[in-house]
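Numbering (my numbering), first residue to last: 321 to 451.
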């Protein structure tokens, strides 16, 4: 499943083709027992990735409290990983955190389609509710 979704992303960002195997290994390592969803966000999700200028952004949503990020590299491309707990995601939606909202709205879902769809509905509900 992770591989199929990744292939779809690679087809739209052909300059990442030589990194597919290594990106898949990274995604598999991020897919732990408490992983709710994984999204590829940013320029890769928008099909605007430019080798040598862009990085790969990955959002990992977990079923525990967490908020951390780190950078790694695959060959010549930086990979920025953000791990966030589902509770923190819900709070970010409630408070209008644009980073999380954009990632959920525009990101390519690698794992957890049903969870992301639910969170996208939460964003729409929040946008329609009077403050």
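Note that CB positions come from ideal geometry on N, CA and C, so glycine has one too.
Legend entry - Element boundaries [alpha helix (DSSP H), containing residue 357]: For this step, residue 357 is matched to residue 37 along the chain shown. Not the alpha helix (DSSP H): residue 357 falls in the beta strand (DSSP E), residues 355–361.
Inset, instruction - May I ask you to check if the CB of residue 366 is nearer than 8 angstroms to at least one heavy atom of the ligand COA? - result: Among the components modelled here there is no ligand, and therefore nothing to report on the ligand COA.
Legend entry - Beta-carbon proximity list for residue 432, same chain, < 6 angstroms, skipping 5 on both sides: The sequence position of residue 432 within the chain shown is 112, counting from 1. Once the five neighbours on either side are set aside, the close Cβ partners of residue 432 are 356, 357.
Legend entry - Residue closest to residue 343, alpha-carbon to alpha-carbon, out of 416, 393, 408, 442: Translated into positions along the chain shown, residue 343 becomes position 23. Comparing Cα-Cα distances from residue 343 to each of 416, 393, 408, 442, the minimum goes to 393.
Inset, instruction - Could you pull the start and end residues of the beta strand (DSSP E) that residue 424 belongs to? - result: Within the chain shown, numbered from 1, the residue matching residue 424 stands at position 104. That residue, residue 424, is in no beta strand (DSSP E); its alpha helix (DSSP H) goes 418–426.
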